[in-house]
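Numbering (the working numbering), first residue to last: 69 to 313.
Here a beta-carbon is modelled for each residue, glycine too, at the ideal position from N, C-alpha and C.
If you're wondering where the values come from, they're calculated on a predicted model, not measured in any experiment.
One structure below.
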Ligand code: HPA
């Protein structure tokens, strides 16, 4: 049976609460093992796959995630469309804590991650088009689902992917703002680029967990993991309603 949608959960999202009749898969791919088991089940009447990007116990930091294995595993199990949940910091005004966003652009500041399928000698060299890094048709469905379910969503915006695992300096965030970034997260790349290389439809549902360093009304506010997790938990009700829609 085809998989209608694969969902990759980010920080604070380690399971899909209402996934029913769950089968668990532990695929191994040519790139190694994914972050954890892929759970496939029924969600709002559709066949949906779920994978926790950092592992179900959040044991993998962003630079240690095997992004290639995660996406290759989902593809091998039959997924063609991936909705990535990404916990992010907000940089510009529209993107305060607990906002749900569907960005349309991306800047990659990560380094030292395997970011392509053509890493191995002898593999086919790919130069995929990446002008629009997210699949527009899937984005439109996400946005339409939000409108239909009456869920507020910040549409568009640029996601800046940083290396982490530390958070950014105020100067780095000011620099990213000048570059045109609205959101900052640590896992948006290489995932989006690899999805394109694998021919998967891919869109990002960003959950804003905090104001990025120096970006909010109180520029000296310290960002704590507890704030991040509390804000993600608070936004998850709407995010789950959106997924169901
Ligand atoms: N920066 C980078 N990644 C994040 C942040 C942040 O402020 N918040 C949640 N993920």
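Option nearest residue i by Cα separation, candidates the options
i, options, result
"residue 145", "264, 288 and 97", "97"
"residue 147", "270, 71 and 198", "71"
"residue 225", "249, 240, 203 and 237", "249"
"residue 91", "100, 119, 101 and 99", "119"
"residue 100", "134, 112 and 285", "134"
"residue 181", "210, 261 and 77", "261"
"residue 186", "177, 178, 196 and 204", "196"
"residue 203", "267, 162 and 284", "267"
"residue 89", "111, 162, 292 and 288", "111"
"residue 161", "84, 288, 210 and 280", "280"
"residue 292", "236, 257, 258 and 305", "236"
"residue 228", "179, 194 and 212", "179"
"residue 143", "85, 211 and 73", "73"
"residue 175", "241, 209, 136 and 126", "241"
"residue 85", "290, 75 and 274", "75"
Pair within 8 Å by beta-carbon distance, residue i and residue j
i, j, result
"residue 201", "residue 173", "yes"
"residue 276", "residue 207", "no"
"residue 269", "residue 150", "yes"
"residue 81", "residue 300", "yes"
"residue 264", "residue 198", "yes"
"residue 113", "residue 278", "no"
"residue 221", "residue 168", "yes"
"residue 123", "residue 103", "yes"
"residue 154", "residue 243", "no"
"residue 159", "residue 245", "yes"
"residue 87", "residue 171", "no"
"residue 238", "residue 190", "no"
"residue 106", "residue 152", "no"
"residue 211", "residue 223", "yes"
"residue 183", "residue 285", "no"
"residue 313", "residue 205", "no"
Helix, strand or coil at residue i according to DSSP, with G and I counted as helix
i, result
"residue 290", "coil"
"residue 226", "strand"
"residue 303", "helix"
"residue 274", "strand"
"residue 74", "strand"
Give, in chain order, every unbroken run of the beta strand (DSSP E) that is at least 3 residues long and sits entirely within the stretch 162-196.
-> As far as the stretch 162-196 is concerned, its whole beta strand (DSSP E) runs of at least 3 residues are 168-170 and 173-176.
Residue ranges of each alpha helix (DSSP H) run of no fewer than 4 residues wholly in the stretch 82-156, ordered along the chain?
-> Counting only runs of 4 or more residues that sit fully inside the stretch 82-156, the alpha helix (DSSP H) segments are 135-144, in chain order.
When the Cβ atoms of the stretch 222-241 are set against those of the stretch 123-132, are three or more pairs found closer than 8 Å?
-> Contact between the stretch 222-241 and the stretch 123-132 is present, because at least three Cβ pairs lie under 8 Å.
Within the chosen definition, does the stretch 301-312 reach the stretch 214-228 through at least 3 CB pairs nearer than 8 Å?
-> Yes, the stretch 301-312 touches the stretch 214-228.
Taking the runs of the alpha helix (DSSP H) that are 4 residues or longer, which of them lie wholly in the stretch 199-272?
-> You should have 204-217, 238-247 and 259-265.
Environment of the ligand SAM in chain order, Cβ to heavy atom below 7 Å | Among the ligands present in this structure, namely the ligand HPA, the ligand SAM is not found.
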